[in-house]
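Take the sequence shown: its position 69, counted from the start at 1, is 69 in UniProt numbering, and no numbers get skipped.
Data first, discussion second: the structure below is written as structure tokens.
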Amino acid sequence: MDDVEQFAAATELAEWGPAEIRALAGGADDPFGTGPLGGTWRPKDRHFGVRHEGRVVAHAGFVVVPVEVGGQRFEVAGLGGVLVDPALRGRGLARIAVTGALNAARADGLDRALLFCFPDRSPLYARLGWHALPEAVTADQPDGPAPVPLGAMWKPLSPGVAWPAGPVRLRSLPM
Ligand SMILES: CC(C)(COP(=O)(O)OP(=O)(O)OC[C@H]1O[C@@H](n2cnc3c(N)ncnc32)[C@H](O)[C@@H]1OP(=O)(O)O)[C@@H](O)C(=O)NCCC(=O)NCCS
1 MDDVEQFAAA
11 TELAEWGPAE
21 IRALAGGADD
31 PFGTGPLGGT
41 WRPKDRHFGV
51 RHEGRVVAHA
61 GFVVVPVEVG
71 GQRFEVAGLG
81 GVLVDPALRG
91 RGLARIAVTG
101 ALNAARADGL
111 DRALLFCFPD
121 RSPLYARLGW
131 HALPEAVTAD
141 QPDGPAPVPL
151 GAMWKPLSPG
161 VAWPAGPVRL
171 RSLPM
């Protein structure tokens, strides 16, 4: 039987861009599968990676974005860019990378996180403590607001934090 591999906690990455994404994805053209959706997406500002044998094998990023919902306006950590080396999936690396990003967001004083994902990835995020929002989120696009064509999920980053009821308007490009 194989030993269970132990991975270090995620650390913040100084450099993260198209070249690093391509290398982590093993050269895949559209590693997130979002290409056919079109639309304009926002890069993340903060990047967290798990290193193994000298290279980054998992990544998660976030950008602080404002949302309006139920008459309230607040900032959330917009999580995205979650990507694991294809050869190392299913070993808890997404959990470690996402935890690293959310710990940093919490340390910055944010108490909610938001992400967009395809329905087949939503059980994974549910397992990590995320909750599906019932309706599509409306976000900015270059030619005006439009529904984000992916499911939205949120996660509390502090105890007792709720998500208000009502349509969600993201005052940003989606991440
Ligand atoms: C999606 C992706 C990031 C998952 O990475 P991973 O390292 O295999 O995920 P993990 O092993 O950390 O799984 C996280 C948790 O979700 C659970 N999980 C994984 N798939 C699941 C599923 N289909 N249903 C329910 N739970 C699931 C795991 O058991 C694990 O829980 P545990 O830590 O309690 O055991 C990876 O497949 C990937 O890089 N895909 C391509 C890019 C992509 O789609 N990114 C997501 C964009 S939203």
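Just so you know, even glycine gets a beta-carbon here, dropped at the ideal spot from N, CA and C.
_Inside the stretch 18-47 only - alpha helix (DSSP H) runs reaching at least 4 residues_ = 18-24
*Which two residues bound the contiguous alpha helix (DSSP H) that contains Ala8?*
Where Ala8 is concerned, there is no enclosing alpha helix (DSSP H), given that its DSSP letter is neither H nor E.
_Strictly by DSSP, which residues pair up with Arg51?_
Val56
_If contact is defined by three or more beta carbon pairs under 8 Å, each pair taking one atom from either stretch, is the stretch 138-155 in contact with the stretch 104-116?_
yes
*Going by the C-beta, is Leu93 closer than 7 Å to any heavy atom of ligand 1?*
yes
*asked:* What would DSSP say about Leu124, mapped onto helix, strand or coil?
replied: helix
_Distance CB(Phe62)-CB(Ala101) smaller than 8 Å_ = yes
*What are the partner residues of Arg169, as DSSP defines its beta bridges?*
Glu68, Thr138
*Return the chain-ordered list of same chain residues with a C-beta closer than 8 Å to the C-beta of Pro149, the five sequence neighbours on each side being excluded.*
Leu37, Gly39, Ala136
*Going straight from the alpha carbon of Pro167 to that of His131, what length do you get?*
15 Å
_My output table needs one value for Val161: the three-state DSSP class, helix, strand or coil._
coil
*Taking DSSP as the reference, what is the three-state secondary structure of Arg112?*
strand
*Note the first and the last residue of the continuous alpha helix (DSSP H) segment covering Gly100.*
93-107
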